[in-house]
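Chains Y and E supply the protein sequences, listed in that same order.
The UniProt record's numbering puts the first sequence at residues 1 to 331.
The UniProt record's numbering puts the second sequence at residues 1 to 331.
Note that the Cβ used here is the ideal one computed from N, Cα and C, for glycine as well.
Have a look at the structure below, then the notes.
Number of protein chains: 2
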Amino acid sequence: MVTLKEIAEKAGVHPSVISKVVNGKPVSIRDDTRNRILALLKELNYQPNKAAQNLKKGSNRAIGMVVPDFFNTVYAEIIHGAENMAAQLEYTLFVYSLKQKELQDDYLPRSIKQQIDGILIASSDIDDSDVLALMDELPLVLVNRLSKGIDSYVVADDSGGAKKAVAHLLELGHTQIAHISGPLYTGTGLNRFQGYRAALNEKDIPFHPALMVEAPYSLVGGYNAMNELFKAPVQPTALFASNLLVAIGALKACNEHNIRVPDDLSIVTLHDAEIAAMMTPALTTVKLPLYEMGETAVKQLVSLIDENHKKGTVVEGTELIRRDSTKKWKR
Amino acid sequence: MVTLKEIAEKAGVHPSVISKVVNGKPVSIRDDTRNRILALLKELNYQPNKAAQNLKKGSNRAIGMVVPDFFNTVYAEIIHGAENMAAQLEYTLFVYSLKQKELQDDYLPRSIKQQIDGILIASSDIDDSDVLALMDELPLVLVNRLSKGIDSYVVADDSGGAKKAVAHLLELGHTQIAHISGPLYTGTGLNRFQGYRAALNEKDIPFHPALMVEAPYSLVGGYNAMNELFKAPVQPTALFASNLLVAIGALKACNEHNIRVPDDLSIVTLHDAEIAAMMTPALTTVKLPLYEMGETAVKQLVSLIDENHKKGTVVEGTELIRRDSTKKWKR
DNA sequence: CTGTTAGCGCTTTCAG
DNA sequence: CTGAAAGCGCTAACAG
Numbered sequence: 001m002v003t004l005k006e007i008a009e010k011a012g013v014h015p016s017v018i019s020k021v022v023n024g025k026p027v028s029i030r031d032d033t034r035n036r037i038l039a040l041l042k043e044l045n046y047q048p049n050k051a052a053q054n055l056k057k058g059s060n061r062a063i064g065m066v067v068p069d070f071f072n073t074v075y076a077e078i079i080h081g082a083e084n085m086a087a088q089l090e091y092t093l094f095v096y097s098l099k100q101k102e103l104q105d106d107y108l109p110r111s112i113k114q115q116i117d118g119i120l121i122a123s124s125d126i127d128d129s130d131v132l133a134l135m136d137e138l139p140l141v142l143v144n145r146l147s148k149g150i151d152s153y154v155v156a157d158d159s160g161g162a163k164k165a166v167a168h169l170l171e172l173g174h175t176q177i178a179h180i181s182g183p184l185y186t187g188t189g190l191n192r193f194q195g196y197r198a199a200l201n202e203k204d205i206p207f208h209p210a211l212m213v214e215a216p217y218s219l220v221g222g223y224n225a226m227n228e229l230f231k232a233p234v235q236p237t238a239l240f241a242s243n244l245l246v247a248i249g250a251l252k253a254c255n256e257h258n259i260r261v262p263d264d265l266s267i268v269t270l271h272d273a274e275i276a277a278m279m280t281p282a283l284t285t286v287k288l289p290l291y292e293m294g295e296t297a298v299k300q301l302v303s304l305i306d307e308n309h310k311k312g313t314v315v316e317g318t319e320l321i322r323r324d325s326t327k328k329w330k331r
Numbered sequence: 001m002v003t004l005k006e007i008a009e010k011a012g013v014h015p016s017v018i019s020k021v022v023n024g025k026p027v028s029i030r031d032d033t034r035n036r037i038l039a040l041l042k043e044l045n046y047q048p049n050k051a052a053q054n055l056k057k058g059s060n061r062a063i064g065m066v067v068p069d070f071f072n073t074v075y076a077e078i079i080h081g082a083e084n085m086a087a088q089l090e091y092t093l094f095v096y097s098l099k100q101k102e103l104q105d106d107y108l109p110r111s112i113k114q115q116i117d118g119i120l121i122a123s124s125d126i127d128d129s130d131v132l133a134l135m136d137e138l139p140l141v142l143v144n145r146l147s148k149g150i151d152s153y154v155v156a157d158d159s160g161g162a163k164k165a166v167a168h169l170l171e172l173g174h175t176q177i178a179h180i181s182g183p184l185y186t187g188t189g190l191n192r193f194q195g196y197r198a199a200l201n202e203k204d205i206p207f208h209p210a211l212m213v214e215a216p217y218s219l220v221g222g223y224n225a226m227n228e229l230f231k232a233p234v235q236p237t238a239l240f241a242s243n244l245l246v247a248i249g250a251l252k253a254c255n256e257h258n259i260r261v262p263d264d265l266s267i268v269t270l271h272d273a274e275i276a277a278m279m280t281p282a283l284t285t286v287k288l289p290l291y292e293m294g295e296t297a298v299k300q301l302v303s304l305i306d307e308n309h310k311k312g313t314v315v316e317g318t319e320l321i322r323r324d325s326t327k328k329w330k331r
């Protein structure tokens, strides 16, 4: 690895001159020396040493992102959006999954905390109190989650999306609409539930608690919840599932119970991904702007780092994607 | 952020002494000063500055991992295994997805290359030549892929797994067994294809080229390939799909063509994940030790970094998981 | 326009 | 047992 000093020797100038050239500092440098240096730089393929720069400047142009795990395509899309924006802003993005265990002694290992200038938290497995503590150490923005006392976040229009999904069901003539909600201690779970309630309200359809089950955002979560629903005193003709994985799990349960989708039960869910179209029947979804959320989150974090701009944004834009899992109700 | 020097001042000793205490150096230090220092360290919550350490030592205890994208649960499992082992070995793992674009000027951005001591390549989108070039710069191990001229890799027993899958079909009485292979320019695609051939050979069943279609490892890849297969002059009674996503895509195509699985067509595939059980019918798979591969890859990379041990390992252990997509053939 | 100097925070070798 | 000093590679303020 060639260093500034070496270049300086070969060029017969002082290292600091090289530094100025490399960093394009607004100082005047004689053209011939500048060119000589530039040539050398290229010839020897000079690459500044990051560790030295970091030490000197006390910053890395790197940000971290914490996701619960890598199995959920919802996060995959957020990550890709974040990666893209980070690259545009010339930041490096490091992604980690964080399980409970690691939170115990320290919220984030030092090895990570010290290499980044700010962090994106996209995991709802981390307690509010831990997030608050983290916020004292680093610029932080929440992604697709909310936390008491933190007004720096990027979320989708969960309640609007939910409302749109349920309104679709309503339009199809359904009135017995079940909801498998996300965990109600999460912002997304709560907002989606509220969207569901709001849509029902608009049509003066009473909320029936027996038609609602709370479940984690996972395949088995949806599967188990649907099985719960089968035990309800009234049977729904449609289901609004809080998330794609939940919907897939619910669909499985329906298949096992010989409930035909969409003939016996219409299903609509939030989040769109390729897999939704590959299910049988292909799932009707409301697409959330996940990619954009990732982008926005990085943009916002960087502005927080650079200018201490703190704010919350909800990325608008939800889109109903009609496929084959919803159908007009007539009986 | 409190520094060594500050601690030293408060303790009334020289910074270097603190350094020795912090790092548990095998030098004798009087008990009372050591305790005094230790107390101070805790009280002020001293955290060594990583950038300074990196600069000084020229190493980071960090490794990178490159995956094609975050949508594939196959990689999710490898990542989790790698994360786990990295944590055990006290390395930090940074994961990135790498698309074509970024490869153009430089295989890996400097911002990343310089922060890591070695790299795991789990993406087959990167050309062999690029991988070779990268290997000149960094200790490198290939994960779940092979590359000409690189004998540092960790792969699963792809051909053994494939053979096991096809043997299962054979045992069920199938003889017209189609194969949707992975890209044959990849090591995994090739090995799985060979396993398929080997299983057929053992039962003296001729290989029928019309029953084989090459496809990328993706949902649409499988979907399109299956549609190709429907045009074949002979119709298979069973399918061996090279990968779980491919199988899901193929299943979708079958559903659209009213081919009942498993009655008209049995399907078996490689890789197991929760989603396999959630399909209807639940997919029979051969489980590959992905998590272990991730672990092994990190272990091997670290031994390459520390002791320059270069080797290739195939992580053995494949397991047939019978579910509902395969069935005895009788007609 | 170019050079000097100092120092980021830490580790390590050598001396006391 | 503890201190001094040097230096990793780079940057920035200041001097020449």
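Alpha-carbon to alpha-carbon, Y/S59 and E/A76: The residue you call residue 76 of chain E lines up with position 76 of the second sequence. The residue you call residue 59 of chain Y lines up with position 59 of the first sequence. When rounded, the distance between both Cα atoms is 30 Å.
Burial state of Y/Q88 (16 or more Cβ within 10 Å): In the first sequence, the residue the question calls residue 88 of chain Y occupies position 88. Y/Q88 is exposed by the Cβ-count criterion.
First through last residue of the alpha helix (DSSP H) which encompasses Y/H14: Within the first sequence, residue 14 of chain Y is the residue found at index 14, counting from 1. Taken as a continuous stretch (DSSP letters only), Y/H14 belongs to no alpha helix (DSSP H), as it is neither H nor E.
Range covered by the alpha helix (DSSP H) that runs through E/Y153: Position 153 of the second sequence, counting from 1, holds the residue named residue 153 of chain E. Looking at the DSSP string, E/Y153 is not in any alpha helix (DSSP H); the run it does join, the beta strand (DSSP E), is 153 to 156.
Beta carbon proximity, Y/I112 to chain E, threshold 8 Å: In the first sequence, counting from the first residue as 1, residue 112 of chain Y sits at position 112. Yes - at least one Cβ of chain E is within 8 Å of the one on Y/I112.
Closest residue to E/P236 among E/A86, E/I180, E/P15, E/M85 (Cα-Cα distance): Sequence index remark: in the second sequence, residue 236 of chain E carries index 236 (1-based). When each option's Cα is compared against that of E/P236, the closest is E/I180.
C-beta atoms of Y/F240 and Y/L169 nearer than 8 Å: Position 240 of the first sequence, counted from the start, is the residue given in the question as residue 240 of chain Y. Position 169 of the first sequence, counted from the start, is the residue given in the question as residue 169 of chain Y. The answer is yes: Cβ separation under 8 Å.
Inter-residue spacing [alpha-carbon to alpha-carbon] between Y/V234 and Y/P209: Taking the first sequence and counting its residues from 1, one reaches residue 234 of chain Y at position 234. Taking the first sequence and counting its residues from 1, one reaches residue 209 of chain Y at position 209. Using only the alpha carbons, I get a separation of about 11 Å.
CB contact below 8 Å: Y/L219 versus chain E: Working through the first sequence from its first residue, we reach residue 219 of chain Y at position 219. So yes, Y/L219 belongs to the interface.
Environment of Y/P206 [buried if 16+ CB atoms lie within 10 Å]: In the first sequence, residue 206 of chain Y corresponds to position 206, counting from 1. Y/P206 is exposed by the Cβ-count criterion.
Terminal residues of the beta strand (DSSP E) in which E/Y96 lies: One-based indexing of the second sequence puts residue 96 of chain E at position 96. First-last of the beta strand (DSSP E) with E/Y96: 92 to 97.
is_contact[Y/F207, chain E] using C-beta, thresh 8 Å: Start at 1 with the first residue of the first sequence, and residue 207 of chain Y comes out as number 207. Taking Cβ atoms only, chain E never reaches closer than 8 Å to Y/F207, which makes this a no.
Through-space distance from E/V246 to Y/A122, alpha-carbon basis: Mapped onto the first sequence, residue 122 of chain Y falls at position 122. Mapped onto the second sequence, residue 246 of chain E falls at position 246. Going from the Cα of Y/A122 to the Cα of E/V246 covers about 29 Å.
Among Y/V22, Y/K148, Y/D157, Y/G173, nearest to Y/W329 - alpha-carbon criterion: Along the first sequence, read from residue 1 onward, the residue named residue 329 of chain Y stands at position 329. Comparing Cα positions, the closest option is Y/G173.
C-alpha gap between E/L103 and Y/A165, whole angstroms: Working through the second sequence from its first residue, we reach residue 103 of chain E at position 103. Working through the first sequence from its first residue, we reach residue 165 of chain Y at position 165. The pLDDT assigned to E/L103 is 49, lower than 50, so where the model puts this residue is not dependable; a value taken from the coordinates is nonetheless given after this. In a straight line, the C-alpha of E/L103 is about 41 Å away from that of Y/A165.
Helix, strand or coil at residue 333 of chain Y according to DSSP, with G and I counted as helix: Residue 333 of chain Y is absent from the structure shown; chain Y starts at 1 and stops at 331.
Exposure label - E/N258; buried when at least 16 CB within 10 Å: As a position in the second sequence, residue 258 of chain E is number 258, starting the count at 1. Exposed, since its Cβ has fewer than 16 Cβ neighbours within 10 Å.
Through-space distance from E/Y91 to E/G118, alpha-carbon basis: Stepping through the second sequence from its first residue, residue 118 of chain E is reached at position 118. Stepping through the second sequence from its first residue, residue 91 of chain E is reached at position 91. When rounded, the distance between both Cα atoms is 11 Å.
Alpha-carbon to alpha-carbon, E/G149 and E/N254: Residue numbering aside, residue 254 of chain E sits at position 254 when the second sequence is read from its first letter. Residue numbering aside, residue 149 of chain E sits at position 149 when the second sequence is read from its first letter. First, the amino acid is wrong: residue 254 of chain E is Cys here, not Asn. Cα-Cα distance, rounded: 41 Å.
Y/I112, DSSP secondary structure in three states: For this step, residue 112 of chain Y is matched to residue 112 along the first sequence. Residue state, collapsed to three classes: helix.
Contact list for the region 28 to 52 of chain Y against chain E, Cβ threshold 9 Å: Q47, P48, N49, K50, A51, A52
Chain-order list of residues whose beta-carbon lies under 7 Å from that of Y/I305 (same chain, five-residue window excluded): Position 305 of the first sequence, counted from the first residue, corresponds to residue 305 of chain Y. D117, G118, P139.
Short CB-CB distance (under 8 Å) between Y/A82 and chain E: Stepping through the first sequence from its first residue, residue 82 of chain Y is reached at position 82. Cβ-Cβ to chain E under 8 Å: no for Y/A82.
Local conformation of E/K287 per DSSP, three classes: The residue given as residue 287 of chain E occupies position 287 in the second sequence. Residue state, collapsed to three classes: strand.
DSSP bridge partner residues for E/H309 (one or two, in chain order): Numbered from its first residue, the second sequence carries residue 309 of chain E at position 309. According to DSSP, which records beta bridges pairwise, E/H309 is partnered with nothing at all.
Cutoff 8 Å; reference E/Q100; Cβ partners in own chain excluding five residues on either side: Mapped onto the second sequence, residue 100 of chain E falls at position 100. Residue confidence for E/Q100 is low, a pLDDT of 44 falling below 50, so the modelled location carries little weight; the figure read from the coordinates is stated next. So the qualifying residues of the chain are D125.
Rounded straight-line distance, which links the Cα of Y/N308 to that of E/K57: Here residue 57 of chain E refers to the residue found at position 57 when the second sequence is read from its first residue. Here residue 308 of chain Y refers to the residue found at position 308 when the first sequence is read from its first residue. The alpha-carbon atoms of E/K57 and Y/N308 are separated by roughly 33 Å.
E/P281 and E/D324 closer than 8 Å at C-beta: In the second sequence, residue 281 of chain E corresponds to position 281, counting from 1. In the second sequence, residue 324 of chain E corresponds to position 324, counting from 1. For E/P281 and E/D324, yes; Cβs fall inside 8 Å.
Any non-hydrogen atom of the ligand PLP closer than 7 Å to E/A273 Cβ: Among the ligands in the structure shown, none appear at all, so the ligand PLP cannot be discussed.
Helix, strand or coil at E/H174 [DSSP, three-state]: Counting from one through the second sequence, the residue named residue 174 of chain E turns up at place 174. Coil.
Neighbour list for Y/L288 in chain E, Cβ cutoff strictly below 8 Å: Looking up residue 288 of chain Y in the first sequence gives position 288. In chain order: nothing, as chain E lies at least about 16 Å away.
Coarse secondary structure for Y/S159, derived from DSSP in three states: The sequence position of residue 159 of chain Y within the first sequence is 159, counting from 1. Note: Y/S159 maps to helix in three-state DSSP.
Endpoints, the beta strand (DSSP E) within which E/M212 is located: Position 212 of the second sequence, counted from the start, is the residue given in the question as residue 212 of chain E. Its beta strand (DSSP E) spans residues 212 to 214.
E/L120, DSSP secondary structure in three states: The count along the second sequence starts at 1 and reaches residue 120 of chain E at position 120. Reduced to three states, the DSSP call for E/L120 is strand.
Same chain, Cβ closer than 7 Å to E/R34, five either side skipped, listed in chain order: Position 34 of the second sequence, counted from the first residue, corresponds to residue 34 of chain E. Once the five neighbours on either side are set aside, the close Cβ partners of E/R34 are V21.
Alpha-carbon to alpha-carbon, E/L229 and E/A199: Taking the second sequence and counting its residues from 1, the one referred to as residue 199 of chain E is at position 199. Taking the second sequence and counting its residues from 1, the one referred to as residue 229 of chain E is at position 229. Near 20 Å, if we compare the C-alpha coordinates of E/L229 and E/A199.
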